[in-house]
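Asks: Just so we're aligned, residue 458 is where the sequence shown starts under the working numbering, counting upward by one. C-beta: ideal position from N, C-alpha, C; glycine also. One structure is given below, represented as structure tokens, and several questions about it will come after.
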Amino acid sequence: MRDLINEIKLRPISQVILKYLMDHREPVDAETIWLDVKANGATFSIGSIYGHLKRMEDAGIIVKVPKTDRKALYQYISSNA
């Protein structure tokens, strides 16, 4: 993960989100990410989480998996897949 962070110069919030998604291999929604990182002491707003998820999606680091209940799920794309 350290090489990926250095290569694309992720901000600290994106590093936290990326590590979370790498540790949780199943797709997860933004609110769950926010609640879990908040429970571990992070002070990011849910709006910040959405913004950084969008940037990482645009960069091809994660994918957005649409759901029918209007909640999108996000998942890390492993380069080893």
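Kindly say whether D526, judged by its beta-carbon, lies nearer than 8 Å to any beta-carbon of chain D.
Replies: Absent here is chain D; the protein component of the structure consists of one chain.
Asks: From the DSSP output, in three-state form, read off D526 for me.
Replies: Three-state result, D526: coil.
Asks: Please return the same chain residues whose Cβ sits closer than 6 Å to the Cβ of I503, not counting the five positions on each side in sequence.
Replies: If we look at I503 and ignore the five residues flanking it on each side, its Cβ neighbours are W491.
Asks: Using the DSSP secondary-structure output, state which residues sit across from I519 in a beta bridge.
Replies: Bridge partners of I519: Y533.
Asks: Measure from the alpha carbon of A499 to the alpha carbon of each residue in L478, K521, R512 and V473, then state which is nearest.
Replies: Of L478, K521, R512 and V473, the residue nearest in Cα terms is V473.
Asks: Can you tell me the Cα-Cα spacing of L467 and H509, whole angstroms?
Replies: Rounded to the nearest angstrom, the two C-alpha atoms are 10 Å apart.
Asks: Within its chain, find whatever has a CB closer than 8 Å to the CB of A538; leave out the 5 residues flanking it on each side and keep chain order.
Replies: No answer about A538 holds up, because its pLDDT of 47 lies below 50 and its placement is not dependable.
Asks: Between D480, T489, I470 and S471, which lies nearest to L530 when the distance is taken from Cα to Cα?
Replies: Closest by alpha carbon: T489.
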